[in-house]
Amino acid sequence: MKKIQILGTGCAKCAKLTENAEKAAKELGVEAEIEKVTDIKKIMEFGVMMTPGLAIDGEVKAVGKVLSVEEIKKLL
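What follows is the structure, given as structure tokens:
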């Protein structure tokens, strides 16, 4: 199972990134746990200074932008 973490405080971009990640996993048939990380300290532990961020299995894949469904599929 993949672990997808959305790093952000709940902004509209964070919500869109969450939606895109859910859709990408569903379209690929990938079993994934999607976790929203909203604690600033935890976000900073990833080295992320600009939200939203996307981490897959603990590795930061994107910072400061909303990836499309297709972009997330490539990362999964």
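Position in the sequence shown counted from 1, then plus 67, gives you the working numbering.
Note that the Cβ used here is the ideal one computed from N, Cα and C, for glycine as well.
Compute the Euclidean distance between the alpha carbons of D139 and N87, then round it to the nearest angstrom. It is Ile, not Asp, that sits at residue 139 in the sequence shown. When only Cα atoms are considered, I139 and N87 end up about 8 Å apart.
What residue range does the beta strand (DSSP E) around L143 cover? No beta strand (DSSP E) holds L143; DSSP gives it neither H nor E.
Assign V97 to one of three DSSP states: helix, strand, or coil. Of the three classes helix, strand and coil, the one that applies to V97 here is coil, per DSSP.
Cβ separation of I101 and T85, assumed to be a contact under 8 Å, to the nearest whole Å: Contact between I101 and T85 is confirmed by a C-beta separation of about 7 Å, below the 8 Å threshold.
Give me the residue from M111, S135, A79, G125 with the minimum Cα distance to M68. For M68, the nearest C-alpha among the options comes from G125.
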